[in-house]
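Residue numbers (this note's numbering): 13 to 340.
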């Protein structure tokens, strides 16, 4: 869905960046922090390193990298998780981080190269549980992304960190309805997305495109199966992409078999999921919303994309012929 059907450059991606900034609000030296903290193309490169298909994970990883340059005090004791977080942040010193961010054009990737996917204990503590139950990072992100009204209708609690309009309103369609209609008239279309169902429902209804899809598999389906596996086997296994679980679930739920299967995605994890699926999907890389199309093209091909397209108008004829162009 994201980066294929829906342009999320001003919603999910910007929500990650705003989450990182709001997380640091109140820290010592915070007035020196640049705004924005890092470029969106730097964030896109971090996401493409793999394992960060879920933007909550991407937000937590981004903040963790930033915290490699933050002086963190002992985690403050307080019975309320929000107050505990705020007291700890007020004791953090971000002066060194501010100087670094002002001097680097690719701070996240620079920190990743130096420290790897480091997870500072304070950040780990702020990324446990769920919204309203201790997961500060996820709650900040959801408040920014959904906005006050939608957040409250979903979670049944008031926003605590952000009260502005939700960035979900900044999303836009990437594919024209006439192309979707043509594709749906000749093929069975389904969606496999890392969004929670309620957030995936929003653009389908808002842009009136739900009727083109026979099925949608979401993060909710992955979590449900993960919990079942844990109860039976006592082990945690992520079924989000690059795991092909969602892709292989589609023919099972539709109770059908396919002659040719294609999965369109904009991330290397999408192509890896397609390549490892039992159903036999062929990955088609999409670079329409990329800030660096050439870099993304290379990374998608390396991850197993059968081809790359930059214009959806070629898709109906391509699929009708069941012949993908040579990789390029």
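Ideal Cβ positions, reconstructed from N, Cα and C, are used throughout, including at glycine.
Predicted, not measured: the structure shown is a model, and the values here were computed from it.
C-beta contact flag for residue i and residue j at 9 Å
| i | j | result |
| --- | --- | --- |
| residue 18 | residue 237 | no |
| residue 300 | residue 282 | no |
| residue 161 | residue 144 | no |
| residue 58 | residue 104 | no |
| residue 318 | residue 295 | yes |
| residue 277 | residue 287 | no |
| residue 270 | residue 280 | no |
| residue 56 | residue 87 | no |
| residue 230 | residue 256 | no |
| residue 258 | residue 217 | no |
Cβ-Cβ separation, residue j to residue i (assumed contact under 8 Å), whole Å
| i | j | result |
| --- | --- | --- |
| residue 129 | residue 68 | 15 Å between Cβ atoms; not a contact. |
| residue 79 | residue 132 | 4 Å |
| residue 313 | residue 266 | With 8 Å as the limit, residue 313 and residue 266 do not qualify as a contact, their Cβ atoms being about 29 Å apart. |
| residue 241 | residue 235 | Between residue 235 and residue 241 the Cβ distance is about 11 Å, and since that is not below 8 Å, they are no contact. |
| residue 29 | residue 46 | Not a contact, Cβ separation roughly 11 Å. |
| residue 39 | residue 135 | In fact, because the Cβ distance is near 13 Å, the residues do not count as touching under 8 Å. |
| residue 220 | residue 332 | So it is not a contact: roughly 25 Å between Cβ atoms. |
First and last residue of the uninterrupted alpha helix (DSSP H) at residue i
| i | result |
| --- | --- |
| residue 127 | 119 to 127 |
| residue 92 | Counting along the chain, residue 92 falls outside any alpha helix (DSSP H), and DSSP gives it neither H nor E. |
| residue 139 | Counting along the chain, residue 139 falls outside any alpha helix (DSSP H), and DSSP gives it neither H nor E. |
| residue 108 | 107 to 115 |
| residue 256 | Here residue 256 belongs to no alpha helix (DSSP H), and DSSP marks it neither H nor E. |
| residue 214 | 209 to 218 |
Continuous beta strand (DSSP E) stretch holding residue i: start and end
| i | result |
| --- | --- |
| residue 227 | 227 to 229 |
Stretch-stretch touch, CB-based, cutoff 8 Å, three pairs: the stretch 147 to 165 with the stretch 103 to 123: Contact fails: fewer than three Cβ-Cβ distances are below 8 Å.
task: For the stretch 293 to 310 and the stretch 157 to 172, state whether three or more C-beta atom pairs, one from each stretch, are separated by less than 8 Å.
output: By the criterion of at least three beta-carbon pairs nearer than 8 Å, the stretch 293 to 310 is not in contact with the stretch 157 to 172.
query: What are the complete alpha helix (DSSP H) segments, minimum 4 residues, inside the stretch 141 to 202?
result: Here the runs fully enclosed are 148 to 167, 189 to 198.
query: In the stretch 264 to 334, which residue ranges form an unbroken beta strand (DSSP E) of at least 3 residues, counting only runs that do not cross its ends?
result: For the stretch 264 to 334, the full-length beta strand (DSSP E) segments reaching 3 residues or more read 273 to 277, 293 to 298, 319 to 321 along the chain.
task: For the stretch 30 to 87, list the alpha helix (DSSP H) runs that are entirely contained and at least 4 residues long, ordered along the chain.
output: Complete alpha helix (DSSP H) runs here, min 4: 52 to 59, 67 to 78.
- request: Determine contact between the stretch 186 to 202 and the stretch 326 to 335, defined as no fewer than three beta-carbon pairs at a distance below 8 Å.
  value: Enough Cβ pairs lie closer than 8 Å, so yes.
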